[in-house]
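S.K.: Reading the sequence shown from the start, the letters are residues 16 to 138 in the working numbering. For every residue, glycine included, the Cβ atom is placed at its ideal position computed from N, Cα and C. Take this structure first; my questions come after.
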Amino acid sequence: MDRIALLACPAECRADHPRRAHHDRLLAVERDADAVLELFETAVTWAELEYPEETTIPPARWVEFARMHRWQDPDRVLRIFLLAADMAGRSARPAPVPLVRASGDGICPTLAPAPERHLRLAP
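And the structure:
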């Protein structure tokens with residue numbers, strides 16, 4: 016793996032860093048079907064599971080990762096990472112919508128809408 020990493024990586028990737036294992040697993044996507052499956056599993060579970068930020072390259076950076084590295088078939092690898100990043104984005108949980116109470120809501124809803132109220136400024 017080290018020889019492949021040295022050939023495929025820009026200089027900033029060559030130093031040891033906490034994300035090295037995940038980085039090297041992402042590099043394997045081009046030649047290892049299990050690595051592709053692992054990438055897609057990560058993508059579909061990204062919003063459900065907590066992946067450690069310090070050791071995992073997040074989906075928001077996968078396309079950038081693909082573009083920064085050299086591949087035998089760059090277009091194919093870019094398609095893989097684009098698809099995985101899209102899957103991760105679609106599986107993200109929507110932001111919670113704040114609950115608001117409207118007239119008629121609650122234990123005793125009213126049958127008629129609440130009267131309009133206009134604020135008046137004091138002179």
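Give the DSSP-derived three-state secondary structure of Glu65 in the structure shown.
M.R.: Note: Glu65 maps to coil in three-state DSSP.
S.K.: Report buried or exposed for Glu192, applying the criterion of at least 16 other Cβ atoms within 10 angstroms of its Cβ.
M.R.: Beyond the ends of the chain as shown, which are 16 and 138, falls residue 192; an answer cannot be given.
S.K.: Would you call Leu42 buried or exposed, if buried means 16 or more other Cβ atoms sit within 10 Å of its Cβ?
M.R.: The residue in question, Leu42, is buried, as its Cβ has 16 or more Cβ neighbours within 10 Å.
S.K.: Sort Ala48, Pro74 and Asp49 by Cα distance to Thr60 and report the nearest one.
M.R.: The candidate whose alpha carbon is nearest that of Thr60 is Pro74.
S.K.: Quick one: what's got a C-beta closer than 6 Å to Pro25's C-beta in the same chain, skipping five residues either side?
M.R.: The answer, listed in chain order, is Met83.
S.K.: Which whole-angstrom value describes the C-beta separation of Arg34 and Ile72, a residue pair presumed to lie in contact below a C-beta threshold of 8 Å?
M.R.: The Cβ separation is near 6 Å, so the contact holds.
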